[in-house]
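One structure below.
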Amino acid sequence: MRAGLLCLLLLLSVPAAAAAPPDLVGLWGNETVSGPLLAGAITVDGRQTPWRASVGGLSVTVERDGDAVSFAMPGGQGHFRGQLVDGDINGFWIQPAGLTLASAYATPVVLAHGHSQVWVGQVSPLPDRVTQYLEIRRKPDASLQAFLSNPEYNLGRGRAYDVHVDNDAVVLTDPKRKGWALNGRFDEETDQLRVDWQGIAVFPFTRRDREHALGYYVTTPADMDDAYRVPVPVDDGWTTAALGAVGMRVAPMTELLQHVQTIATPEPGHPQVHGLLVARHGKLAFEAYFHGYSREQAHDTRSAGKSFASLLVGMAIDHGAKLSAQTPVLPLFPEYQKLQHVDAAKRAITVGDLMSMSSGLACDDNAGDSPGAEDKMQGQQDQRDWYRYTLDLPMTQAPGADKAVYCSAGINLLGGVVRHATGRRLTELFRDWIAGPMQMRGYHLNLTPDDDAYLAGGIQLRPRDMLKLGQLYLDGGVWHGQRLVDSRWIDASVARHSTFGPNHDYGYAWHLHRFRVQNHDYRVYAAEGNGGQFVIVVPELDLVVAITAGSYGEFSTWYQLQDLVSDYIIPAALPAAR
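Following this line, the structure appears as structure tokens:
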């Protein structure tokens, strides 16, 4: 009895062993979809007055003005605007900005006329989604290091993070940014690592293997082969063909597939390719997707969408608008009274100056203190009319200089030029003049605060539809035998009008380069966007390439993706070296 009590006292007097720190090494993942809440079937019931519209269980009154039809859902959850055309209602569903979507988006919707004054359609808005992967490694000194991967926006990528663990508290710090940190907590009961993204949201990460990390690995499953396959034919306007049928060799393209897999590592400086497509002689001959992306998934084109701005200018001219590259811009906006900084230089700005980024406005996206920089314009709240904001900018030099200055606000102002010249919304013009004739589908147009398309970039398109833009220009403004824009406008758009520097000239919202391959210089023109969005045309080889990628904000990383064209794709279109 006494011996047993003594043993018990000895056990109680021994200090409890400290809890072992959690083993965090490995891959963690999180997928968060925060909206939009309204999607699916849209019904407009016009059997009695007033008409009613329903979406996702909500029902509202429809506003009518002649053939125009519109309705807005309560709580700012979205609205519809359209028009009766040949019995159907043809329009757009407008979804609001969200957690990760910085602007509203317009998605085309057709409400088909059914029975006795009832119209029904389906809306698939752009998902407000963020995917994150956190790979935690143990370094040789036993400390922990992490790499963050985010396919949609590249949040936190390009850096190696130090990981500090104190019981269940986990902190990620950036050695290159003093005071910056992400605070997390490990929940042993649920085996979750909950990370607070600096007050924006708390994301629960769970452990992942290869089959459950679709966006992290280049391909899933691990044993997916990299053999070339002929693109699948679908009803979207593209004729597909084997590489050999269009005079291209398979071996260099197979090497390209292998190369994309080797460069996609989580360390800083490695580009993340999402899609690669090649058309030759007007036929789609190569198509590959990576990191969970697919053929029908719209991709953010970023500034590659700028080329649609100059295309719409040319189309407006063809449809009778009194415009030309020499048209002065200021008189096109008579409703703006008392503009600031109006002088002879500002009065001299032409449509061509805007298209060639040589307007002379104080607008430089690459200078953080420039009043016209895109981020500054979009971030300010005092002037929500971005056309007026741009025209109110001071001048830094006379327009028409040979040296281009990268100015998104100036390209977006072309939207105002086209809208004033045609009297129509840009969303409608894009649908009627471009998307409809070119069989584009599943696209989403990002909007300005006044609810119309933002033409300086950000249109979400299927990669196959991106490729069509290059094919339209390569074919002199013709798609499937239908002329969409005058060939003279195409020629003017891809001619040199200004320059950014050596081997980087600029046309009308097209970048101009020369790619040297096998001791020969190939002239190319390209639509280019942040993160690695490219539509590249090689006229001499009758070749168009589309690239989508996710290296946003890493210019030196994503810009090297052009090398895929000169290193693999152009050589594949040439005879094998003897």
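With my numbering applied, the sequence shown covers 1482 to 2059. The beta carbon of each residue, even a glycine, is placed where N, CA and C say it ideally should be.
- Taking a cut-off of 8 Å on C-beta distances, the segment 2003–2018 does not touch the segment 1803–1822, as fewer than three cross pairs fall below it.
- Distance from the CA of S1605 to the CA of V1536, rounded to the nearest whole angstrom, comes to 12 Å.
- Contact between I1617 and V1591 fails: their C-beta atoms lie close to 48 Å from each other, not under 8 Å.
- The Cβ atoms of Q1941 and H1925 sit closer than 8 Å to each other.
- Apart from the 5 residues on each side of it in sequence, I1570 sits with its Cβ closer than 6 Å to the Cβ of V1550, G1563, L1592 and W1600 in its chain, given in chain order.
- Apart from sequence neighbours up to five positions away, the residues of its chain that approach M1729 with a beta-carbon distance below 7 Å are R1761, A1766, A2053 and A2054, ordered along the chain.
- A1662 and D1622 have their C-alpha atoms some 22 Å from each other.
- Collapsing the DSSP output to three states places T1782 in coil.
- Distance from the CA of A1802 to the CA of D1567, rounded to the nearest whole angstrom, comes to 26 Å.
- Only exposed fits D2002, as fewer than 16 other CB atoms lie within 10 angstroms of its CB.
- The alpha-carbon separation between R1865 and L2042 amounts to approximately 36 Å.
- By the C-beta density criterion, P1555 is exposed, having fewer than 16 other C-beta atoms within 10 angstroms.
- V1832 and L1804 do touch by the CB rule: their CB atoms are close to 6 Å apart, below 8 Å.
- Per DSSP, I1523 lies in no alpha helix (DSSP H); the unbroken beta strand (DSSP E) holding it starts and ends at G1521 to D1526.
- Contact check for Y1989 against M1796 fails: the beta carbons are separated by 8 Å or more.
- Judged by DSSP in its simplified three-state form, K1884 adopts strand.
- Using a Cβ distance threshold of 8 Å, S1889 and A1826 do not count as a contacting pair.
- When DSSP assignments are scanned along the segment 1701–1787, the uninterrupted stretches of alpha helix (DSSP H) that are 4 or more residues long and fall wholly within it turn out to be 1731–1744.
- Taking each of A1694, L1518, R1658 and Y1987 in turn and checking the Cα distance to E1512, the smallest one comes out for A1694.
- In the DSSP assignment, the residues bridged to L1928 are A1934.
- Residues T1720 and T1721 of the same chain have their beta carbon placed closer than 8 Å to that of P1714, with the five preceding and five following residues left out of the count.
- By the Cβ neighbour-count rule, P1712 is buried, with 16 or more other Cβ atoms within 10 Å of its own.
- The alpha-carbon of F1684 is positioned some 45 Å away from that of T1877.
- Non-local beta-carbon contacts of T1908 in its own chain, meaning distances under 7 Å to residues more than five positions away in sequence, involve F1573, A1587, L1926, D1933 and A1934 in chain order.
- In the DSSP assignment, P1589 falls within the beta strand (DSSP E) that extends over Y1586 to H1594.
- For W1509, the enclosing beta strand (DSSP E) has its first and last residue at G1507 to V1514.
- If the five residues before and after D1781 are omitted, its C-beta is found closer than 6 Å to the C-beta atoms of Q1941, all from its own chain and listed in chain order.
- Annotation: S2037 to P1752 spans about 10 Å, alpha carbon to alpha carbon.
- For T1908, the enclosing alpha helix (DSSP H) begins and ends at L1907 to L1910.
- For S1840, no beta strand (DSSP E) encloses it, and the DSSP letter there is neither H nor E.
- For P1589, the closest alpha carbon among the candidates I1915, W1991, R1969 and V2026 is that of I1915.
- The segment 1595–1662 contains, as complete beta strand (DSSP E) runs of 3+ residues, the segments 1599–1604, 1610–1619, 1625–1630, 1642–1647 and 1650–1654 (chain order).
- The beta carbons of T1612 and G1665 sit no closer together than 8 Å.
- Of all alpha-carbon atoms in D1647, D1655, G1939 and D1649, the one lying nearest the alpha-carbon of G1637 is that of D1655.
- Burial is judged here by how many other beta carbons sit within 10 angstroms of a residue's own beta carbon; P1577 has at least 16 and is buried.
- Excluding sequence positions up to five before and after M1921, its CB lies within less than 6 Å of the CB of D1946, all in the same chain and listed in chain order.
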